[in-house]
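Chemist: Take this structure, written in structure tokens, and hold onto it; I'll ask about it next.
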Amino acid sequence: MALSHLPRARPDRSRPRQASRGRVAAGGGLPYLLVLPACLVLAVVAAWPLVKIVQLSVQKQEGGKYALFHSGGSTPFVGLRNFTGVLTDSTFWTVLTRTLVFTVVNVGLSLLIGLGVAILLNRVSKWARLVLTAVLLFVWAVPSTVSTQVFYWIFSSQYGAANYLLNLLPGVHMRGHDWFADPHSGLAVVTAVVIWGAIPLLAISLHAGITQVPRDVLEAARVDGAGAWQSFRSVTLPFLRPLLVILTTLSVIWDFGVFNQIWFMRDGHPEPGYQTIGIYMYSQGIGSSHYNLGATVGVLMMLCLLTVMVFYIRQLFRIGDAE
Amino acid sequence: MTMASTTAVPGLATPALATTAVAEVTTRRYARRRHATWAWNALAMLLAAIFGFPIYWMLITAFKSSADINSLTPQFWPRHPGLRGFREVLADPIFRADLRNSLLITVAAVLVSIVIGFFGALAIARFRFLGRKVFVFAVLIVQMIPLLALTIPMSLLLDRFQLKNSLTGVVIAYLMFTMPYTVWTLRTFIANVPRELDEAAMVDGCSRWQTFYKIILPLVGPGLIATAVYGWILAWNEFVLANTLLIDNDKQTAMIYLLYFQSSPVHGADWGGLMATATLTSLPVVVLFVLFQSRISAGLTAGAVKG
Chain L
108 MALSHLPRAR PDRSRPRQAS RGRVAAGGGL PYLLVLPACL VLAVVAAWPL
158 VKIVQLSVQK QEGGKYALFH SGGSTPFVGL RNFTGVLTDS TFWTVLTRTL
208 VFTVVNVGLS LLIGLGVAIL LNRVSKWARL VLTAVLLFVW AVPSTVSTQV
258 FYWIFSSQYG AANYLLNLLP GVHMRGHDWF ADPHSGLAVV TAVVIWGAIP
308 LLAISLHAGI TQVPRDVLEA ARVDGAGAWQ SFRSVTLPFL RPLLVILTTL
358 SVIWDFGVFN QIWFMRDGHP EPGYQTIGIY MYSQGIGSSH YNLGATVGVL
408 MMLCLLTVMV FYIRQLFRIG DAE
Chain C
22 MTMASTTAVP GLATPALATT AVAEVTTRRY ARRRHATWAW NALAMLLAAI
72 FGFPIYWMLI TAFKSSADIN SLTPQFWPRH PGLRGFREVL ADPIFRADLR
122 NSLLITVAAV LVSIVIGFFG ALAIARFRFL GRKVFVFAVL IVQMIPLLAL
172 TIPMSLLLDR FQLKNSLTGV VIAYLMFTMP YTVWTLRTFI ANVPRELDEA
222 AMVDGCSRWQ TFYKIILPLV GPGLIATAVY GWILAWNEFV LANTLLIDND
272 KQTAMIYLLY FQSSPVHGAD WGGLMATATL TSLPVVVLFV LFQSRISAGL
322 TAGAVKG
């Protein structure tokens with residue numbers, strides 16, 4: 108009986124196992140046909156904009172605000188002048204430092220709390236685990252834009268619930284306190300939103316990771332006299348390492364490029380003290396229509412993240428998942 | 022105490038105890054653990070309350086009357102519940118238009134990426150071919166690229182084809198993040214279908230295509246749903262690209278409406294209306310999510326553990 112109605116049927120179809128070790132497995136041109144649409148889409152929506160952003164970053168924008176649209180205005184090649192311009196601007200360095208501090212604080216806190224909740228999920232009774240997981244999944248489903256508006260309302264100065272509740276504590280006077288007058292305390296509220304949204308994914312996947320730690324190894328550690336902390340540090344943590352590397356890199360990428368939470372918290376007009384690199388790029392590029400400068404900052408932003416991505420992809424290839 | 026035990030049945034972890042001394046120690050340990058479990062449960066409930074509070078606060082604010090919202094002592098239970106906020110927002114034709122736009126964009130982006138992504142995932146999960154690694158690498162890289170950085174070139178490119186300020190343009194732009202995600206996640210689901218099934222089907226006379234849609238497609242069904250729902254969430258929640266590409270009021274998405282709700286002179290400081298809008302905006306995500314909850318959490322952890 109014919110194995111295939113496709114014209115490219117190969118004799119090695121009957122033993123795809125061995126064939127799959129070779130470079131081209133059964134199917135001939137079929138896999139190429141299958142990836143073709145995806146490749147075309149990637150070329151249009153990713154490769155092209157990537158080429159375009161690099162091109163923009165080495166050009167100078169001349170003419171009016173909308174010069175780059177409708178092919179108006181000239182854009183002469185200026186080499187790396189945009190980059191030297193951005194890199195010698197002290198505002199850029201202030202923004203970058205703020206972004207790095209913000210990223211370290213957010214990633215650190217969300218991983219610590221996430222790991223804590225994951226361990227807790229592993230310890231509690233089944234019903235408690237179900238309740239907490241259900242709440243976390245709901246939290247995870249809430250869009251970051253929505254959660255930011257909700258936190259903005261909770262932390263509003265006059266009728267906000269946060270000031271009211273904090274005011275109940277003895278010796279604390281928070282009535283009418285404006286959280287957003289000082290960018291530092293404003294960014295602390297942003298941090299709360301970011302962490303609140305990040306915990307569900309971190310806690311649930313870390314909990315899944317913890318349940319996969321072999322029980323007999325933990326049992327052996329206990330028999331050998333290891334305490335709770337010791338067996339956690341020398342058994343559970345090494346097992347979680349690959350997962351932790353992946354979650355850390357993902358968190359760094361997300362928190363470094365945080366946008367919605369700050370943008371919504373400041374009603375679409377973040378003051379200079381609230382600008383992280385993503386906001387800075389957007390305000391420069393789209394807000395003030397300095398497309399070439401915005402593209403330059405965008406390229407620098409991607410270069411910063413490239414170092415982190417290398418870790419992530421190397422880890423994926425190491426655990427054999429990308430094979 | 023081990024980290025892995027929860028409410029282990031006493032005796033299950035350590036069967037056949039030899040000496041009474043060990044038995045006694047163990048019993049004491051379990052007694053202590055039961056005690057501790059009670060405390061951990063209480064802590065878990067406290068955390069659930071803290072994490073759930075913003076959602077609860079959003080909901081009850083949406084149902085409160087204006088007078089109750091603007092009160093110096095917040096009410097933790099709505100005393101005069103009503104639908105004023107919801108009625109006001111739903112009466113706004115711009116909100117309805119924006120909600121419809123969000124729906125159209127999301128459905129289109131998810132459908133296109135599921136169809137194209139399925140074929141791409143099939144190729145990398147089932148075949149070895151020249152350039153496969155390059156493709157996998159490209160998908161991974163694109164998935165990681167900060168979307169935000171590409172808003173500028175994207176908006177220039179779409180403008181060139183008169184696709185700026187059009188829903189089609191936004192759908193194309195959204196493929197930038199829904200496609201790589203779909204390919205990558207579906208690949209995991211397809212790889213979990215044993216190859217032997219394909220082989221058996223082909224021995225029984227199925228063609229390659231028949232194997233795809235008679236064997237792999239039904240088995241990957243749950244995975245397709247999980248992927249589609251998560252893709253839906255990604256596209257529905259997106260804000261930056263839509264905000265950059267769409268200009269007309271009635272051509273924007275629900276997320277943009279949510280941002281401008283407060284700055285619009287009509288709704289200034291209307292917390293009830295804002296929270297009602299926030300609730301309605303997250304509803305399409307939350308409803309889908311509740312319907313497919315078990316599948317998504319499985320997909321979520323599978324995706325996270327396996328990348």
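Chains as they are written, first to last, in the numbering used here: chain L, 108 to 430; chain C, 22 to 328. Think of the CB as a built atom: it goes at the ideal place given N, C-alpha and C, for glycine as much as any other residue. All figures in this text were calculated on a predicted structure; none of them were measured in a lab.
Grab me the residues of A299/L's own chain with a C-beta within less than 7 Å of its C-beta, minus the 5 sequence neighbours each way, in chain order.
Modeler: As a working note, residue 299/L is residue 192 in the first sequence. Answer for A299/L: F258, listed in chain order.
Chemist: So which residues on chain L does I193/C lean against when the C-beta distance must stay under 8 Å?
Modeler: Here residue 193/C corresponds to residue number 172 of the second sequence, with the count starting at 1. Ordered by position in chain L, the residues that pass the 8 Å Cβ test against I193/C are V151 and V152.
Chemist: Can D119/C and Y278/C be called in contact, C-beta distance under 7 Å?
Modeler: Locating residue 119/C in the second sequence gives position 98, where the first residue counts as 1. Locating residue 278/C in the second sequence gives position 257, where the first residue counts as 1. Cβ distance < 7 Å, so D119/C and Y278/C count as in contact.
Chemist: Are the C-beta of N186/C and some C-beta of chain L separated by less than 7 Å?
Modeler: Within the second sequence, numbered from 1, the residue matching residue 186/C stands at position 165. Not an interface residue.
Chemist: Shortest alpha-carbon distance to L157/L belongs to which of R100/C, M175/C, N122/C and F148/C?
Modeler: As a working note, residue 157/L is residue 50 in the first sequence. Among R100/C, M175/C, N122/C and F148/C, the Cα nearest to that of L157/L belongs to M175/C.
Chemist: Suppose the cutoff is 8 Å on Cβ atoms and the five residues either side in sequence are ignored; what does the same chain contact list for S164/L look like?
Modeler: As a working note, residue 164/L is residue 57 in the first sequence. If we look at S164/L and ignore the five residues flanking it on each side, its Cβ neighbours are N189, F190, N399, A402, T403, G405 and V406.
Chemist: Below 7 Å CB to CB, which residues in the same chain sit around W257/C once its five sequence neighbours on both sides are set aside?
Modeler: Along the second sequence, read from residue 1 onward, the residue named residue 257/C stands at position 236. Cβ neighbours of W257/C beyond the five flanking positions: S123, T127, P305 and V306.
Chemist: Considering only the alpha carbon of each residue, which of H376/L, V359/L, F363/L and F366/L lies closest to Y281/C?
Modeler: Translated into the one-based positions of the second sequence, residue 281/C becomes position 260. Here the closest residue by C-alpha is H376/L.
Chemist: What is the DSSP secondary structure of Q319/L, counted as helix, strand or coil?
Modeler: The count along the first sequence starts at 1 and reaches residue 319/L at position 212. Q319/L: coil per DSSP, three-state reduction.
Chemist: How would you call I311/L, buried or exposed, if buried means at least 16 neighbouring beta carbons within 10 angstroms?
Modeler: Translated into the one-based positions of the first sequence, residue 311/L becomes position 204. I311/L is buried by the Cβ-count criterion.
Chemist: On a Cα-Cα basis, can you pick out the residue from I420/L, Y266/L, F424/L and H397/L that is closest to K167/L?
Modeler: The count along the first sequence starts at 1 and reaches residue 167/L at position 60. Here the closest residue by C-alpha is H397/L.
Chemist: What are the start and end residues of the alpha helix (DSSP H) that includes I135/C?
Modeler: In the second sequence, residue 135/C corresponds to position 114, counting from 1. First-last of the alpha helix (DSSP H) with I135/C: P114 to R147.
Chemist: Between T252/L and chain C, is the shortest Cβ-Cβ distance under 7 Å, so that the two count as touching?
Modeler: On the first sequence, position 145 is the one that residue 252/L refers to. Output row for T252/L: interface = yes.
Chemist: Closer than 7 Å, CB to CB, is F260/C near chain L or not?
Modeler: Against the second sequence, residue 260/C aligns to sequence position 239. True, the Cβ-Cβ gap to chain L drops below 7 Å.
Chemist: From S232/L to N62/C, what does the alpha carbon distance come to, in whole angstroms?
Modeler: Translated into positions along the first sequence, residue 232/L becomes position 125. Translated into positions along the second sequence, residue 62/C becomes position 41. Taking the straight line joining both Cα atoms gives about 7 Å.
Chemist: Contact criterion: CB-CB distance below 7 Å. Does I393/L meet it with respect to chain C?
Modeler: Counted from its first residue, the first sequence places residue 393/L at position 286. True, the Cβ-Cβ gap to chain C drops below 7 Å.
Chemist: Expressed to the nearest angstrom, what Euclidean distance is found between the alpha-carbon atoms of T232/C and L132/C?
Modeler: Here residue 232/C refers to the residue found at position 211 of the second sequence. Here residue 132/C refers to the residue found at position 111 of the second sequence. Approximately 22 Å, taken between the alpha carbons.
Chemist: Is the Cβ-Cβ distance between T206/C and S134/C less than 7 Å?
Modeler: The residue given as residue 206/C occupies position 185 in the second sequence. The residue given as residue 134/C occupies position 113 in the second sequence. For T206/C and S134/C, no; Cβs fall outside 7 Å.
Chemist: Per DSSP, which one or two residues make a beta bridge with F184/L?
Modeler: Working through the first sequence from its first residue, we reach residue 184/L at position 77. BP columns for F184/L point to Q166/L.
Chemist: Taking Cβ-Cβ distances below 9 Å as the criterion, which residues of the segment 76-106 of chain C are in contact with chain L?
Modeler: Taken in chain order, the members of the segment 76-106 of chain C whose beta-carbon sits within less than 9 Å of a beta-carbon on chain L are I76, W78, M79, T82, I90, N91, S92, L93, T94, P95 and F97.
Chemist: What I want to know is whether the C-beta of F116/C ends up closer than 6 Å to one or more non-hydrogen atoms of the ligand HEM.
Modeler: In terms of ligand content, the structure shown is empty, and the ligand HEM therefore cannot be addressed.
Chemist: With distance defined between alpha-carbon atoms, name the residue in A275/C, R121/C and I162/C nearest to F198/C.
Modeler: The residue labelled residue 198/C in the question sits at position 177 within the second sequence. Nearest C-alpha to F198/C: I162/C.
Chemist: Anything in the segment 362-376 of chain L with a Cβ closer than 7 Å to a Cβ of chain C? List those residues in chain order, please.
Modeler: G364, F366, N367, F371, D374 and G375
Chemist: Give the DSSP-derived three-state secondary structure of L267/C in the structure shown.
Modeler: Indexing the second sequence from 1 puts residue 267/C at position 246. If DSSP states are grouped into helix, strand and coil, L267/C belongs with coil.
Chemist: Could you check what DSSP says for V415/L in three-state terms: helix, strand or coil?
Modeler: Position 308 of the first sequence, counted from the first residue, corresponds to residue 415/L. Looking at V415/L - three-state DSSP - the assignment turns out to be helix.
Chemist: I166/C by DSSP, collapsed to three states: which one?
Modeler: Start at 1 with the first residue of the second sequence, and residue 166/C comes out as number 145. It is coil, neither helix nor strand.
Chemist: Tell me, please, whether the CB atom of P144/L is closer than 7 Å to any CB atom in chain C?
Modeler: One-based indexing of the first sequence puts residue 144/L at position 37. Answer yes: the Cβ-Cβ gap between P144/L and chain C drops below 7 Å somewhere.
Chemist: Does DSSP put G135/L in a helix, a strand or coil?
Modeler: The residue you call residue 135/L lines up with position 28 of the first sequence. Here G135/L sits in coil by DSSP.
Chemist: Pull out every residue of the segment 252-283 of chain L whose Cβ sits closer than 9 Å to any Cβ of chain C, in chain order.
Modeler: T252, V253, S254, Q256, V257, F258, Y259, W260, I261, S263, Q265, Y266, G267, A268, Y271, L272 and R282
Chemist: Do you know how far the Cα of Y139/L is from the Cα of F209/L?
Modeler: Within the first sequence, numbered from 1, the residue matching residue 209/L stands at position 102. Within the first sequence, numbered from 1, the residue matching residue 139/L stands at position 32. Taking the straight line joining both Cα atoms gives about 44 Å.
Chemist: For V342/L, count neighbouring Cβ atoms within 10 angstroms of its own Cβ and tell me buried if that reaches 16, exposed if not.
Modeler: In the first sequence, counting from the first residue as 1, residue 342/L sits at position 235. Label assigned to V342/L: buried.
Chemist: Measuring alpha carbon to alpha carbon, tell me which residue in F156/C, R117/C, R229/C and C227/C is nearest L301/C.
Modeler: As a working mapping, residue 301/C is identified with position 280 in the second sequence. Of F156/C, R117/C, R229/C and C227/C, the residue nearest in Cα terms is R117/C.
Chemist: Here's a check: name, in chain order, each residue in its chain whose Cβ is nearer than 8 Å to the Cβ of N213/L, leaving out the five neighbours to either side.
Modeler: In the first sequence, residue 213/L corresponds to position 106, counting from 1. Within the same chain, N213/L has close Cβ partners T298, V301, I302, A305, S358, D362 and V365.
Chemist: Against chain L, with Cβ distances strictly below 7 Å, would N122/C count as a contact?
Modeler: In the second sequence, residue 122/C corresponds to position 101, counting from 1. No, N122/C lies away from the interface with chain L (no Cβ there is under 7 Å from its Cβ).
Chemist: For E169/L and F184/L, I'd like the C-alpha separation in whole angstroms.
Modeler: The count along the first sequence starts at 1 and reaches residue 169/L at position 62. The count along the first sequence starts at 1 and reaches residue 184/L at position 77. Each residue's alpha carbon lies about 11 Å from the other.
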